[in-house]
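With mature numbering (1 follows the signal peptide of the UniProt record, and there is no 0) applied, the sequence shown corresponds to residues -23 to -1, 1 to 218, in that order.
Where is the CB? At the ideal position from N, CA and C, for every residue including glycine.
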Amino acid sequence: MPDPGCLPAFILTSCLFAAGVHCNQPTIQQKPRSVNLVEGASVTMTCIINFSGPKVNKWQKNDQPIMHAILNHKGRVSEGRNMSKDPKLLLPYLRIQNLTECDSGTYYCMLDTVGKMANGTGTTLTVTRVAQVQCSSINSVHIGVSAALMGMLCISLIIVSVLLNQRNKACIALQRQFVAYITEKSTATLPLKLKGKHKRREGHASGSGPEGKKKKRKAKERQPKDNDEYVHVGRPRETMH
């Protein structure tokens, strides 16, 4: 048991040691937090490590080291560190080129502090196929164009139906006017024809009566006289001896 006179010094030393241990905890920040890209693109992930002790940095994808988690690691993945004037800071980065859909996942910046591992907040990478992006955009365009064409077709059909209806009404009205005109003309000419027939019948009847016969006889009697006069005028009439 410590001496009661040394108790304040012991407490102070314990507090300072605890504060030093607490202050020596590393802080790890990653940027960006999330990123969405298409196949064939490139991405660079950065990390800021603040720690005063020895610093050993590693990268992991989900729960696996980068070299095992990414296909063709040597040809597409590069790791490095940016320079910093502050000795407590470590600025590592991870660059992946020619991304594929298989590269999607969460990437962690890891720090090894004498057997203890600390990790950052992580960067979520989402890689989409180019064909899927094009198909989605093309499908949306096709849907919009189809909807516009259907709307125009419906409007055209409505206009055509209205015009045909108006035309049918106009034709029916003209037919009715024509029938009324023909009916009116036929009823107007029918009495005139009947009157003409009655007059002809009356004239025929008067010619067949006694007066008509007398007129015909007079006309026949006049014809020889006219012939005699013609003979007398044309050449001298021969005398009888």
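Reference residue i; option with closest CA among the options
i, options, result
"Met60", "Ile149, Cys24, Thr98, Ser138", "Cys24"
"Asn27", "Ser133, Ala150, Leu88", "Leu88"
"Gln74", "Leu141, Val15, Ser163, Leu140", "Val15"
"Asn34", "Thr103, Ala157, Gly92, Leu140", "Gly92"
"Arg72", "Tyr85, Lys65, Arg53, Thr90", "Arg53"
"Thr21", "Cys148, Met129, Val107, Glu56", "Glu56"
"Gln6", "Ile43, Asp63, Gly99", "Gly99"
"Arg10", "Thr103, Lys32, Lys65, Pro69", "Thr103"
"Tyr70", "Tyr85, Asp63, Pro64, Lys62", "Tyr85"
"Thr105", "Ala18, Arg144, Lys146, Ile136", "Ala18"
"Pro3", "Val122, Lys162, Ala95", "Ala95"
"Pro64", "Ala124, Lys32, Asp40", "Lys32"
"Val12", "Asn39, Thr90, Val118, Thr101", "Thr101"
"Thr90", "Gly30, Val107, Phe155, Gln152", "Gly30"
Residue range of the alpha helix (DSSP H) that includes residue i
i, result
"Ala46", "43 to 46"
"Gly52", "50 to 53"
Exposure label - residue i; buried when at least 16 CB within 10 Å
i, result
"Gly97", "buried"
"Gly82", "buried"
"Thr166", "exposed"
"Gln37", "buried"
"Leu140", "exposed"
"Leu67", "buried"
Span of the beta strand (DSSP E), counted from its first residue to its last, around residue i
i, result
"Asn27", "20 to 27"
"Lys32", "Counting along the chain, Lys32 falls outside any beta strand (DSSP E), and DSSP gives it neither H nor E."
"Gln7", "4 to 8"
"Asn13", "11 to 15"
Under 8 Å, with one C-beta from each stretch per pair, do the segment 39 to 51 and the segment 70 to 82 reach the 3-pair mark? yes
So within the segment 59 to 98, which uninterrupted beta strand (DSSP E) runs reach at least 3 residues, ignoring any that extend past its ends? 66 to 73, 82 to 90, 93 to 96
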